[in-house]
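> For the record, in the sequence shown the residue sitting at position 161 is 700 according to this note's numbering, with numbers rising by one throughout.
All C-beta atoms in this analysis are idealised placements derived from N, C-alpha and C, irrespective of residue type, glycine included.
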Amino acid sequence: MTADRLARGVTDLLAPQVLVIAMPPAVGLLAQGWAGAAWGLVASALCGGVPAAVIAAGVRSGRLDSHHIVDRSRRPGPLLAAVAGVLGALVLLAWLGAPLLLLAVVTAMLAALAVAVPVTLRWKISFHAAVCAGTVVVLAYVLPAAPVLTAGAALVALVCWARVRLTHHTPAQVAVGAAVGALVTWATLTAFGVD
Numbered sequence: 540m541t542a543d544r545l546a547r548g549v550t551d552l553l554a555p556q557v558l559v560i561a562m563p564p565a566v567g568l569l570a571q572g573w574a575g576a577a578w579g580l581v582a583s584a585l586c587g588g589v590p591a592a593v594i595a596a597g598v599r600s601g602r603l604d605s606h607h608i609v610d611r612s613r614r615p616g617p618l619l620a621a622v623a624g625v626l627g628a629l630v631l632l633a634w635l636g637a638p639l640l641l642l643a644v645v646t647a648m649l650a651a652l653a654v655a656v657p658v659t660l661r662w663k664i665s666f667h668a669a670v671c672a673g674t675v676v677v678l679a680y681v682l683p684a685a686p687v688l689t690a691g692a693a694l695v696a697l698v699c700w701a702r703v704r705l706t707h708h709t710p711a712q713v714a715v716g717a718a719v720g721a722l723v724t725w726a727t728l729t730a731f732g733v734d
């Protein structure tokens, strides 16, 4: 397998929409069994499904270059859809009485978007790196932290390498993305008092 093929595979497998759809039900299942997974599916549908549908429609119509939205100037619309989906999920889950962990995770998504969206309007921060790093931090709250953080750091580094290898980002853009994802997620979960 060539380096470029590996980079494309990593980019597709660990794309933000993939992680945002997969992570909430997995975290819910790990933390609270099948009931938690059901709450997580609601979060996945809104936080990941809504922006994924908007992006897919944009790619089909030719307005977007790919589901990775390489052209930064095309990001605002899908990012606003992501903010709307996450905000809608947060309101609905709070209204329905979802578990604290899931509310904290969705709030962390919203907080990360609140930091990353204004940045990407001027500079192309890596959402791949941000979402991957944030996912690692969330998983470290529900699984043994040391092995998750060790393996997760390697995974985030792999995602960062892939994005730079494909020339979709610079080293600085992936580093800032990873830092934003990890720090904002950690701060949000800490503020919620999630153990």
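(1) So which of A701, H708, T709 and T706 has the shortest CA-CA distance to L545?
(2) Flag this pair as touching only if the stretch 568–575 and the stretch 614–632 have three or more C-beta atom pairs under 8 Å; answer yes or no.
(3) By Cβ distance below 8 Å, which residues in the same chain neighbour A595 in space, the five residues on each side in sequence not counted?
(4) Label P555 either buried or exposed according to how many other C-beta atoms from any shown protein chain fall within 10 Å of its C-beta, with 16 as the threshold for buried.
(5) Verify whether the separation of the beta carbon atoms of A711 and A668 is less than 8 Å.
(6) Taking C-beta to C-beta, are L721 and A672 nearer than 8 Å?
(7) What number of angstroms, rounded off, separates the C-alpha of G587 from the C-alpha of I560?
(8) Beta-carbon separation of P590 and G579 under 8 Å?
(9) Report, in whole angstroms, the separation of the C-beta atoms of R602 and R611, which I expect to be a contact under 8 Å.
(10) Alpha carbon to alpha carbon, how far is A637 from T550? Give it in angstroms, no decimals.
(11) Distance check for T659 and V713, CA to CA, integer angstroms please.
Looking at the atomic coordinates:
(1) For this step, residue 545 is matched to residue 6 along the sequence shown. If we check each option's Cα against that of L545, A701 comes out closest.
(2) Contact between the stretch 568–575 and the stretch 614–632 is absent, because fewer than three Cβ pairs lie under 8 Å.
(3) Start at 1 with the first residue of the sequence shown, and residue 595 comes out as number 56. The beta carbon of A595 lies closer than 8 Å to those of H606 in the same chain, with the five residues before and after it left out.
(4) As a working mapping, residue 555 is identified with position 16 in the sequence shown. So P555 ends up on the buried side.
(5) Residue 711 sits at position 172 when you count from the first residue of the sequence shown. Residue 668 sits at position 129 when you count from the first residue of the sequence shown. Between A711 and A668, the gap from beta carbon to beta carbon reaches 8 Å or more.
(6) Start at 1 with the first residue of the sequence shown, and residue 721 comes out as number 182. Start at 1 with the first residue of the sequence shown, and residue 672 comes out as number 133. A small fix is needed here, since residue 721 is Ala in this sequence, not Leu. The answer is yes: Cβ separation under 8 Å.
(7) Locating residue 587 in the sequence shown gives position 48, counting from the first residue. Locating residue 560 in the sequence shown gives position 21, counting from the first residue. Going by the C-alpha atoms only, they are around 5 Å apart.
(8) The sequence position of residue 590 within the sequence shown is 51, counting from 1. The sequence position of residue 579 within the sequence shown is 40, counting from 1. Taking 8 Å as the Cβ cut-off, P590 and G579 do not qualify as a contacting pair.
(9) Walking along the sequence shown from the start, residue 602 turns up at place 63. Walking along the sequence shown from the start, residue 611 turns up at place 72. The pair is not a contact, with the Cβ atoms about 14 Å apart (cut-off 8 Å).
(10) As a first step, residue 550 is located in the sequence shown; it is residue number 11 there, counting from the start. As a first step, residue 637 is located in the sequence shown; it is residue number 98 there, counting from the start. Whole-angstrom Cα-Cα distance: 31 Å.
(11) Translated into positions along the sequence shown, residue 713 becomes position 174. Translated into positions along the sequence shown, residue 659 becomes position 120. Spanning the two alpha carbons is a distance of roughly 12 Å.
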